[in-house]
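Remarks on the structure that follows.
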Amino acid sequence: MIGVMAAMIEELECYLKESDHAEKHVVAGREYYELKINDKPAIVVLSGIGKVAAASTATTLIHKFGVSKILFTGVAGSISDKAHIGDLVIGEHYAQHDLDASPFFPKYEIPLLGKTLIKACEEEMNAVVKACEAFLINIEKYVDRKDLESIGLSTPKIVVGDIASGDQFIKSKQQSDAILEGLPTTVAVEMEGAAVAQVCYENDMPFCVLRTISDSANEDALVDFPKFIKKVSSRYSYGILKELLN
Ligand code: SAH
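In short: position in the sequence shown from 1, add 2, done, that's our numbering.
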């Protein structure tokens with residue numbers, strides 16, 4: 003059974019609206035919904051924002067609900083020319099850009115785990131890429147073209163790339179440049195992915211993070227981000243998950 007995590011309610015509304023038989027379980031203040039997507043069982047949960055919230059939610063999905071894989075779906079800021087607003091980023095390697103236990107450990111290395119980058123499960127990544135391709139072919143089934151156009155989006159593309167997570171909303175070029183200097187392969191920044199990656203790595207759990215680019219992690223982020231969230235982001239994650247579990 004798949005565990006589906008999202009940081010914000012906007013991303014989950016669509017699943018919950020469609021499913022009238024969702025059984026709700028509350029654990030440590032978070033609501034886990036047991037439901038069916040395309041007749042396949044799933045647990046859907048709002049993790050909340052940030053690395054700690056994401057790590058504790060992933061741990062509960064694994065140990066209390068016995069999921070066999072985890073998909074995190076949400077939005078992210080782009081700090082690379084490879085991805086623009088509206089594009090879909092499937093995370094390949096994950097790093098924590100705010101982790102620094104130097105001089106005891108190299109900057110960004112997870113102390114005692116001896117790892118800086120954690121890689122998503124190849125099989126999950128490929129399945130999510132395929133679902134994104136199917137979603138883009140069928141995009142008009144899920145998203146109103148007028149909504150896409152109203153925020154200046156044309157045809158989104160799929161990018162497989164590296165994700166850096168930290169407990170900060172990145173909203174200036176100075177912040178983005180600092181992340182790129184230390185982690186130059188980063189395509190997207192967000193606040194949860196690398197925490198889920200660490201928990202899944204330590205638990206031998208297949209996982210993947212899928213992010214739609216909502217902003218460019220610069221001075222425009224505070225305007226672009228809410229517009230994107232409101233108009234299209236939930237339709238994206240809903241459509242892609244429907245295609246994934248098809
Ligand atoms: N306004 C929101 C809070 C958003 S925090 C609220 O009130 O609920 C931003 C969320 O989107 C996080 O979950 C993070 O993972 C993602 N995100 C999108 N753009 C980001 C950016 N530029 N920097 C960091 N996280 C970003």
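Positions of the beta carbon are idealized from the N, C-alpha and C atoms, including for glycine. Just so it is clear, the structure is predicted and the values come from calculations on it, not from any experiment.
For residue 170, the distance from the CB to the nearest heavy atom of the ligand SAH is below 8 Å. At least one heavy atom of the ligand SAH lies closer than 8 Å to the C-beta of residue 173. Fewer than three beta-carbon pairs drawn from the segment 47 to 58 and the segment 108 to 120 are found closer than 8 Å, and the two stretches are therefore not classed as touching. DSSP places residue 43 in the strand class (E or B) of the three-state scheme.
Within the DSSP secondary-structure output, residue 209 pairs in a beta bridge with 72.
Taking 9 Å as the cut-off, the Cβ atoms of residue 78 and residue 91 count as close.
Residue 94 holds the alpha-carbon nearest to the alpha-carbon of residue 210 among 45, 100, 232, 94.
Inclusion of residue 217 in the 8 Å shell around the ligand SAH follows from its C-beta lying nearer than that to a non-hydrogen atom of the ligand.
A direct Cα-Cα distance of roughly 18 Å separates residue 65 from residue 8. Restricting attention to 82, 246, 72, 141, the CA atom closest to the CA of residue 194 is found in 72. The closest heavy atom of the ligand SAH lies less than 8 Å from the beta carbon of residue 191. Residue 47 and residue 108 have their C-alpha atoms spaced approximately 34 Å apart. For residue 225, no beta strand (DSSP E) encloses it; the enclosing alpha helix (DSSP H) starts and ends at 223 to 230. Annotation: residue 248 to residue 19 spans about 19 Å, alpha carbon to alpha carbon. Distance from the C-beta of residue 10 to the nearest heavy atom of the ligand SAH is below 8 Å. Just measuring C-alpha positions, the residue of 44, 83, 245, 103 sitting nearest residue 186 is 83. Rounded to the nearest angstrom, the Cβ distance from residue 189 to residue 57 is 22 Å, too far for a contact under 8 Å. Distances from the CB of residue 108 to the heavy atoms of the ligand SAH are all 8 Å or more.
Take the alpha-carbon of residue 178 and the one of residue 23: they are about 43 Å apart. In the displayed model, residue 48 falls within a strand according to three-state DSSP.
Residue side-chain check: residue 79 places its Cβ nearer than 8 Å to a non-hydrogen atom of the ligand SAH.
In this structure, residue 240 places its C-beta atom within 9 Å of the C-beta atom of residue 17.
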